[in-house]
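Participant: For the record, the sequence lines run as chains R, D and P.
Just so you know, we're using our numbering here: the first sequence kicks off at 465 and counts up by one.
Just so you know, we're using our numbering here: the second sequence kicks off at 15 and counts up by one.
Just so you know, we're using our numbering here: the third sequence kicks off at 1060 and counts up by one.
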Amino acid sequence: MATVVLTDLTKRYGAFQALHGASLRIEDGEFIVFVGPSGCGKSTLLRMIAGLESITSGEIRIDGERVNETLARHRGVSMVFQNYALYPHMTAAENMGFGLSNIGTPKAEIETRVGEAARILRIEPLLKRKPHELSGGQRQRVAIGRAIVRKPKVFLFDEPLSNLDAALRVQMRAELARLHQSIGATMIYVTHDQVEAMTMADRIVIMREGHIEQVGAPLDLYRNPRNLFVAGFLGSPKMNFLDGRVKEVSAGRAMVDIGAATPLAVPVGRAIEPGPVTVGIRPEHLRLAPNGSGELAGRVDVVEQLGNSTLLYIDLGGQTQVVAEEGGECPARLGETVRLAVAPAAAHLFDARGEAVARSVS
Amino acid sequence: MSLGAKMQGQSRWFDRVILLVLIGFAVLWLVPVIWIVVMSLKPNDVLMRSTAGFLPIPFTLENYANLLRVSTVPSWLVNSLIVATAMTVLTLVVSSLAGYAFARLDFPGKRIVFVLVLAGLMVPEQAVFIPLHTMFADWGMHNSHAALTMPRVAVPIGVFLMTQFFKAVPRELEEAAELDNASRLTVFWKIMLPLSLPALTTLGLFTFLHAWNDFLWPLVSATETNMYTVTVGLGSIQGNFAQSEGLGSIMASAVFASVPVVLIYLIFQQYIVRGVAMGSTR
Amino acid sequence: MTITTTATPTLAEHPSVVTGRSSAWTAYLFLAPFLLVYLIFLVYPLFKGFWISLHDWELVGGYREYIGFLNYEDLWYDPLFWRTVRNTLTFVALTVPAMTVLALALALGVNRHTRTHGVLRGIFFASSVFSVSVVTLVWQMVLNGDRGLIAHFLRSLGMAPVDFLGHSFWAMPSLVVTTLWWAVGLPMALFLAGLQQIPGELYEAAELDNASRWTVLTKITLPAIRRTVMLVVVLQIVLQFQVFGQALLMTQGGPGDRTRTLVQYIYHTAFRDWQVGYASAMALLLFALMFLASMLQLYIGRRED
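And the structure:
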């Protein structure tokens, strides 16, 4: 159990800078998820914590102790790899016990600890099998078991679910969350899948091009994205972005012209100069409105019926298309012209640099 | 429909012709060997009269009995076994160690050293056998197993193959082992070597066969009859032997000398043929 | 992740950098056994060979006199040297095309997954495991003009037997046939490996396109293994250029030096005539020729990639 503190970490490969000064404090027992598009530096950061990549500058402290120069094996971390990295010539039990046997742990103790981990992961009947005799999900459990057995200070996960099929991924997601609850260790988890991030994390670290964009609890980030990138990255379907123009600000409300008959009155927490802005509206905040009402009008281009909900892709004219999320029984037809109502309180404003304009309080 | 059937009929007929031709070739490949084996099982005086026929009649094991009793062939066979085994073991050890260093360790000058080692692949035996001979002569080491063994261990093909193999092992395995507290030697010994067992088997088989069949170097290095390898020894008895009185014995020597490699081939055929494919991808 | 794989191709050369720092010495320890053997028994002899070739150097007795490049100059005026070069080239010119065609034909024939074809593959490859002296022994018997297998066969047809190995025309083709029988397995296996890499869908598509067997062979199979063909040809040139045992043991270079090969001449010059310096010069010339061939192979490999 340990805290992990990163201070101004950078990573450089020749002329290429993979990480630009990342600073972060990870609390003891926290489940933290690094998420971002591929190439954002999240795996590099994880591997630097593991000791598999050198540190160009900055500092990593695990449990208060500087580990920059500490060999991977002495950092007290364990890692679950994307391709599991199970030793193909060893049985599941041998795979799990390898780390302990390398530090001279007595056989009996290895056996107890492997047995214990196997019980937690429900893989006891599989211990005698070799990796090629296991299914993808079972291999995944053995890999996790190998990490548990060593009782590390910090667990590292590098996209561990990306090789599993969709159903198994959902199941393993829940199991990992359960595992975290039961052993309460610090866990750092890397993924490019925002659903995994949203469902599992205590806090999410969103990264882009070697920068940490925002850190926070999942719903916090969802509700209050700091900028256009975070707003667009979290949430599926993505947040709709409309070009708008602030006409005036009065009484904590910005009057934003989005080409509709009436301007949108968005509550804002700080003064904002009149001028161009981007208006972000999540699909669930766009509602079909009865004829004559609603700020926006457009033609239904695609209807995706998902059963419990319906996604409407609506052309607003010009190049703009928005997605609206409706209930399962949605009357809208393809090609039909519909009107949409926007809840002004749910709209996000982003200034010309893409930074969010803070809403009323928060 | 009928056109398709006709074409199928034609192609089946065509397949049969090809199979027949192939079997014809296979017979050409087998007949000389069978004939030699048959002669080795006939008495020498019968062979003096005629060498024709594919049945060992009259049958005798006398040639083989003589071989074991009076000839030097068994001692040649022992030499070959010692030399080929030593060469195989040494090649596997030095190649896997060096291959691992080239594939996975980082050290200054790695690229240039690797290129220099690869360049050795282009040096044929004929380019070095004369200076090697003078070197071993200076050391007074000719007619020894060490002299027959060492020069071949220097051939870099094994290093090259093992490097290729180790490079293909997923890096994550090693990283996992690193987090599992394994030292370099543990990684090599407990992870990499067990994983490379198929590659080592193939390399070992090829090294053994090459060693067994090596001709030029043992021919110049082993000058004392009792230090001959079987390959050189069998060469030494081939002066117009067809007219010899001991034809059956000579044939028996050839068969006897081939038993180890034929056995190895029969047991490991799959590894050997796959090994050719492995070498071809370089 | 992509950063490590796409943006920084050089990283693949580095193992974990953290441990890499301390492992340079480990790496040298891993390399040491091979490098030691390599330097002593391959690199040093190569240079020593060149040194020897600059001398009038006798095998026994320690007579050695520095003569510069005189040995190389002498080669130019040595008719026997040119004779052996010509013989070797003739052997290569006969063997390599025949070997390539035969190996390819056999590979095409046995490239099927039945038990029979597996056995046939095994038979064609099997002769390669014999040592050269066993092969020459077998074929000296087969080709013997009096008691040989072919002689028996010819006599049964009422024809006069031929002493192939003593015959001024037939001696060389005899060596070629022996070599084909001995060594066809390796190129055949190379071709098989190449053939098995052709995706099966290609043939299924061709079948749907009503392609004849001939069309499939010339338009699909052969183009697909073009690289293997080049590899086999170059490999065979290098290998057959070193022909030695067959000539030494079967014909002793005869009749009348018609089958004396270059390596055989080097061997005799050094170990029968004791002219080690002169032999070394020839050996290095041979090395230079084969080096060129290897370079050609590399060049072809690069261009095809």
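Ideal Cβ placement from N, Cα and C applies to all residues, glycine included.
Assess, as a yes-or-no matter, whether the region 680 to 699 of chain R is touched by the region 535 to 542 of chain R under the definition of 3 or more beta carbon pairs within less than 8 Å.
Facilitator: Touching, no.
Participant: On a Cα-Cα basis, can you pick out the residue from P:TRP1116, P:SER1187 and P:VAL1302 that is closest to LEU1345 (chain P)?
Facilitator: Here the closest residue by C-alpha is P:VAL1302.
Participant: If we define contact as Cβ-Cβ less than 9 Å, is GLY609 (chain R) a contact residue for chain D?
Facilitator: It does not; no Cβ of chain D falls within 9 Å.
Participant: What does TYR114 (chain D) reach in chain P if we use C-beta pairs closer than 7 Å?
Facilitator: What TYR114 (chain D) touches in chain P: PHE1089.
Participant: Please classify HIS812 (chain R): does DSSP put it in a helix, a strand, or coil?
Facilitator: Strand, per DSSP.
Participant: Let me know the secondary structure DSSP gives ALA761 (chain R) once reduced to three states.
Facilitator: Looking at ALA761 (chain R) - three-state DSSP - the assignment turns out to be strand.
Participant: Cβ atoms of ILE608 (chain R) and ILE496 (chain R): under 9 Å apart, would you say?
Facilitator: It is not a contact, given that the beta carbons lie outside the stated cut-off.
Participant: Would you list, in sequence order, the uninterrupted alpha helix (DSSP H) runs of no fewer than 4 residues that lie entirely inside the region 1130 to 1183 of chain P?
Facilitator: For the region 1130 to 1183 of chain P, whole alpha helix (DSSP H) runs of length 4 or above, ordered along the chain, are 1138 to 1169.
Participant: Select from the region 759 to 783 of chain R all residues with a C-beta closer than 9 Å to any C-beta belonging to chain D, and list them in chain order.
Facilitator: Those residues of the region 759 to 783 of chain R that come within reach of chain D (Cβ to Cβ, closer than 9 Å) do not exist; the list is empty.
Participant: Within the continuous beta strand (DSSP E) that includes ILE496 (chain R), where are the two ends?
Facilitator: Residues 495 to 499.
Participant: Are LEU1245 (chain P) and VAL290 (chain D) closer than 9 Å when you measure CB to CB?
Facilitator: Cβ distance < 9 Å, so LEU1245 (chain P) and VAL290 (chain D) count as in contact.
Participant: Taking the alpha-carbon positions, what's the ILE1325 (chain P) to LEU34 (chain D) distance?
Facilitator: So the two alpha carbons sit approximately 44 Å from each other.
Participant: DSSP puts PRO570 (chain R) in a beta bridge; with which residues?
Facilitator: Paired residues: none, contrary to the question.
Participant: Alpha carbon to alpha carbon, what distance is there between GLU529 (chain R) and ILE490 (chain R)?
Facilitator: Rounded to whole angstroms, ILE490 (chain R) to GLU529 (chain R) spans 14 Å at the Cα level.
Participant: From what residue to what residue does the beta strand (DSSP E) around MET554 (chain R) run?
Facilitator: MET554 (chain R) -> no beta strand (DSSP E), and no H or E assigned at all.
Participant: Cβ of SER1190 (chain P) within 9 Å of Cβ of LEU1343 (chain P)?
Facilitator: No.
Participant: Return the chain-ordered list of same chain residues with a C-beta closer than 8 Å to the C-beta of PRO1314 (chain P), the five sequence neighbours on each side being excluded.
Facilitator: Taken in chain order, the residues that qualify are GLY1225, HIS1226, SER1227 and ALA1230.
Participant: On the CB-based measure, 16 or more other CB atoms within 10 Å of its CB, does LEU82 (chain D) come out buried or exposed?
Facilitator: With fewer than 16 Cβ atoms within 10 Å of its Cβ, LEU82 (chain D) is classed as exposed.
Participant: Please identify the residue among P:ARG1286, P:LEU1249 and P:LEU1101 whose C-alpha is closest to the C-alpha of PHE1184 (chain P).
Facilitator: PHE1184 (chain P) has its Cα closest to that of P:LEU1249, out of P:ARG1286, P:LEU1249 and P:LEU1101.
Participant: On the DSSP letters alone, give me the boundaries of the beta strand (DSSP E) that GLN785 (chain R) sits inside.
Facilitator: Its beta strand (DSSP E) spans residues 785 to 791.
Participant: Helix, strand or coil: which one does DSSP assign to GLY247 (chain D)?
Facilitator: In the structure shown, GLY247 (chain D) sits in a helix (DSSP, three-state: H, G or I).
Participant: When we look at the beta-carbon of ARG605 (chain R) and count the other beta-carbons within 10 Å, is it buried (16 or more) or exposed?
Facilitator: So ARG605 (chain R) ends up on the buried side.
Participant: Find the nearest neighbour of PHE1350 (chain P) within the set P:TRP1333, P:GLN1305, P:LEU1298 and P:ALA1270, judged by alpha-carbon distance.
Facilitator: Cα-wise, what sits closest to PHE1350 (chain P) is P:LEU1298.
Participant: Could you compute how far the alpha carbon of ALA182 (chain D) sits from the alpha carbon of MET176 (chain D)?
Facilitator: Computed Cα separation, rounded: 10 Å.
Participant: Between ASN227 (chain D) and chain P, is any beta-carbon pair separated by less than 9 Å?
Facilitator: Cβ-Cβ to chain P under 9 Å: yes for ASN227 (chain D).
Participant: Go to PHE180 (chain D), then tell me how far its alpha helix (DSSP H) extends in each direction, as first and last residue.
Facilitator: PHE180 (chain D) -> alpha helix (DSSP H) spans 171 to 182.
Participant: Roughly how many angstroms lie between the CA atoms of PHE480 (chain R) and ARG614 (chain R), to the nearest whole one?
Facilitator: Each residue's Cα considered, the two are about 35 Å apart.
Participant: Among all the DSSP beta bridges, which residues are the ones paired with MET828 (chain R)?
Facilitator: A question about residue 828 (chain R) goes unanswered here, because the residues of chain R that appear run from 465 up to 826.
Participant: Does the pairing of the region 561 to 568 of chain R with the region 610 to 625 of chain R give three or more beta-carbon distances under 8 Å?
Facilitator: Enough Cβ pairs lie closer than 8 Å, so yes.
Participant: Using the C-alpha atoms, what's the distance from LEU146 (chain D) back to PRO1104 (chain P)?
Facilitator: In a straight line, the C-alpha of PRO1104 (chain P) is about 6 Å away from that of LEU146 (chain D).
Participant: CB-CB under 8 Å to GLU517 (chain R), same chain, minus the five flanking residues each way: which ones, in chain order?
Facilitator: Closer than 8 Å at Cβ, skipping near neighbours: LYS475, THR508 and ARG511.
Participant: Just reading off the alpha helix (DSSP H) that GLU517 (chain R) is part of, what are its end residues?
Facilitator: Taken as a continuous stretch (DSSP letters only), GLU517 (chain R) belongs to no alpha helix (DSSP H), as it is neither H nor E.
Participant: Excluding the 5 residues flanking ASP1137 (chain P) on each side, which residues of the same chain have their C-beta closer than 6 Å to its C-beta?
Facilitator: There are no such residues.
Participant: How should GLU573 (chain R) be labelled, buried or exposed, when 16 other C-beta atoms within 10 angstroms of its C-beta is the threshold for buried?
Facilitator: The residue is exposed, with fewer than 16 neighbouring Cβ atoms inside 10 Å.
Participant: Looking at the structure shown, is SER542 (chain R) part of a helix, part of a strand, or coil, going by DSSP?
Facilitator: Strand.
Participant: Assign GLY218 (chain D) to one of two classes, buried (16 or more other C-beta atoms within 10 Å of its C-beta) or exposed (fewer than that).
Facilitator: Buried is the call here.
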